[in-house]
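Below is one structure; the comments refer to it alone.
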Ligand SMILES: [Zn+2]
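Numbering (our numbering), first residue to last: 656 to 1153.
The structure is reproduced here in structure tokens:
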């Protein structure tokens, strides 16, 4: 059974919550949470559960520091809630500035989610009842936090972080008295005042805010990274707060492993080691990321490679699609579920008229999409799809393709100096290929036969062909490549160099 379907064991209603702090550009590493939630919600709907799927933008979180991507002038905003800080450019707030491309990303990858900003939960008083219960049971709350984390709370710890009415910070205030709905404070800036917890005058600390959201929104399921799920971590404290203070069941957790950037490791907005989620889904086939997450168990970490790795993912997904439509074979009992949860249209897509890998080669041979459509014998129904994929392939080629797969055709009449044995091989290949039927698989076979007949190394034979076509030693898979170039061009290049 698919992991998302195995997760649900009854038919009760679901409120599935996810959350990300919009403190910087959202990268691919951040996408596992929302896509895991989305796949779970689609599995719940498929099971006919009444399902609510929400994304909580943690915009009431304070700016922790001046990240390397921010101007130094942001030091004056450190400690203020993200939604009250101006954006690095434009007129909106800091949090909206980073949320906007994330929400566009969700749209591209077919995530339909109810977006809730934490700042609104405070403004509307949605979390006030939870705060009241916390204040009423403060001794118990402190005991739970200390027992689970096995660390003593700091002497100035308080169950609420008031926002200073003068300097706007929530990290510089010290609570001096609590009487629901008010919290009195003094601030390092010299100000003192009173926050109303029914308004956005401050916020609950994270370990209390998380279960408060479960309580206020009735969350039943939540995916989160293993950092939150560590023993003594925020899920463990949240679970006890939920049970012992709010008297509710904590949401069922779906813990997931990280998405690492292949060869680089953990992604962070602040270290520059990341791939922007919006850039990736805008410049690659948008279903690829969904496929990767639908295919892999959440407990498996993913080595994400937007370059060559993406081509392998697309090959595999194509094979799955062909298998689903009876044109290939894949032994995977989850085939249908994986394709369904990978889809950006809500339905399982037919196999592409031209594979993505092949398109990446063809766009480097032909500028004109019409030539590609003609060559690949795309029927009228598939034309629009191929035109769209050509655009995506072009963007991917200029954004993520490694140099080794980029090439330029040598002019038809250019002579290349080849060693004698390679020249002999080219001559033999020319003879066989002139009489060959022109399809990719047959061309592939003819090349292998000619290599054997000439007692030349396979590698050397391939290199000779690449050298006289693109002036490089490696290139696209030869069968499809030569097929794409057309018989006339290939025989001409071989003849001139034989
Ligand atoms: Zn202040």
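Even for Gly, the Cβ is constructed at its ideal location relative to N, Cα and C.
Given that a residue counts as buried once 16 or more other Cβ atoms are within 10 Å of its Cβ, and exposed if not, what is residue i?
{"i": "residue 821", "result": "exposed"}
{"i": "residue 858", "result": "buried"}
{"i": "residue 922", "result": "buried"}
{"i": "residue 727", "result": "exposed"}
{"i": "residue 684", "result": "buried"}
{"i": "residue 1140", "result": "buried"}
{"i": "residue 724", "result": "exposed"}
{"i": "residue 844", "result": "exposed"}
{"i": "residue 703", "result": "exposed"}
{"i": "residue 812", "result": "exposed"}
{"i": "residue 692", "result": "buried"}
{"i": "residue 689", "result": "buried"}
{"i": "residue 980", "result": "exposed"}
{"i": "residue 1131", "result": "buried"}
{"i": "residue 938", "result": "buried"}
{"i": "residue 793", "result": "exposed"}
{"i": "residue 774", "result": "buried"}
{"i": "residue 764", "result": "buried"}
{"i": "residue 1023", "result": "exposed"}
{"i": "residue 952", "result": "exposed"}
{"i": "residue 897", "result": "buried"}
{"i": "residue 719", "result": "exposed"}
Does the distance from the CB of residue i to the CB of residue j come in under 8 Å?
{"i": "residue 968", "j": "residue 946", "result": "yes"}
{"i": "residue 803", "j": "residue 891", "result": "yes"}
{"i": "residue 827", "j": "residue 893", "result": "no"}
{"i": "residue 1144", "j": "residue 1067", "result": "yes"}
{"i": "residue 959", "j": "residue 915", "result": "yes"}
{"i": "residue 875", "j": "residue 908", "result": "no"}
{"i": "residue 1125", "j": "residue 1062", "result": "yes"}
{"i": "residue 1133", "j": "residue 1106", "result": "no"}
{"i": "residue 1153", "j": "residue 1081", "result": "yes"}
{"i": "residue 1048", "j": "residue 999", "result": "no"}
{"i": "residue 665", "j": "residue 705", "result": "no"}
{"i": "residue 710", "j": "residue 760", "result": "no"}
{"i": "residue 742", "j": "residue 729", "result": "no"}
{"i": "residue 717", "j": "residue 789", "result": "no"}
{"i": "residue 1005", "j": "residue 976", "result": "yes"}
{"i": "residue 785", "j": "residue 853", "result": "no"}
{"i": "residue 681", "j": "residue 699", "result": "no"}
{"i": "residue 749", "j": "residue 737", "result": "yes"}
{"i": "residue 965", "j": "residue 1055", "result": "yes"}
{"i": "residue 1009", "j": "residue 1033", "result": "yes"}
{"i": "residue 851", "j": "residue 836", "result": "yes"}
{"i": "residue 770", "j": "residue 679", "result": "no"}
{"i": "residue 1087", "j": "residue 1104", "result": "yes"}
{"i": "residue 1111", "j": "residue 1138", "result": "no"}
{"i": "residue 714", "j": "residue 756", "result": "no"}
{"i": "residue 1041", "j": "residue 1020", "result": "no"}
Under 8 Å between C-beta atoms, does residue i make it to chain B?
{"i": "residue 771", "result": "The question asks about chain B, but that chain is absent: this structure has only one protein chain."}
Should residue i be listed as close to ligand 2, given that the test is whether its C-beta is under 7 Å from any heavy atom?
{"i": "residue 781", "result": "Among the ligands in the structure shown, ligand 2 does not appear; only ligand 1 can be found there."}
Checklist entry - Can you list the beta strand (DSSP E) stretches of 3 or more residues lying completely in the stretch 836 to 860, in chain order? => result 837 to 842, 847 to 851, all fully within the stretch 836 to 860.
Item to check | Test item, CB below 5 Å from any non-hydrogen atom of ligand 1 | outcome: Selection around ligand 1 by beta-carbon proximity, strictly under 5 Å to any non-hydrogen atom, yields 819, 821, 822, 842, 844, 846 in chain order.
Checklist entry - Curious, which full-length beta strand (DSSP E) runs of at least 3 residues does the stretch 664 to 749 contain? => result You should have 669 to 675, 706 to 712.
Item to check | Entirely enclosed beta strand (DSSP E) segments - the stretch 853 to 904, minimum 3 residues | outcome: The stretch 853 to 904 contains these whole beta strand (DSSP E) runs: 876 to 880.
Next on the checklist: So within the stretch 1049 to 1074, which uninterrupted alpha helix (DSSP H) runs reach at least 4 residues, ignoring any that extend past its ends?
Outcome noted: Runs of the alpha helix (DSSP H) inside the stretch 1049 to 1074: none found.
Checklist entry - Which runs of the beta strand (DSSP E) spanning at least 3 residues fall entirely within the stretch 743 to 794, listed in chain order? => result Qualifying beta strand (DSSP E) stretches, in chain order: 769 to 772.
Item to check | 3-residue-minimum beta strand (DSSP E) runs that sit fully inside the stretch 906 to 963, ordered along the chain | outcome: Every unbroken stretch of the beta strand (DSSP E) spanning 3 or more residues and falling wholly within the stretch 906 to 963 is given here in chain order: 907 to 911, 914 to 916, 957 to 959.
Checklist entry - Where are the beta strand (DSSP E) runs, 3 residues long or more, that stay fully inside the stretch 952 to 1030, in chain order? => result With a minimum length of 3 residues, the continuous beta strand (DSSP E) runs that stay inside the stretch 952 to 1030 are 957 to 959.
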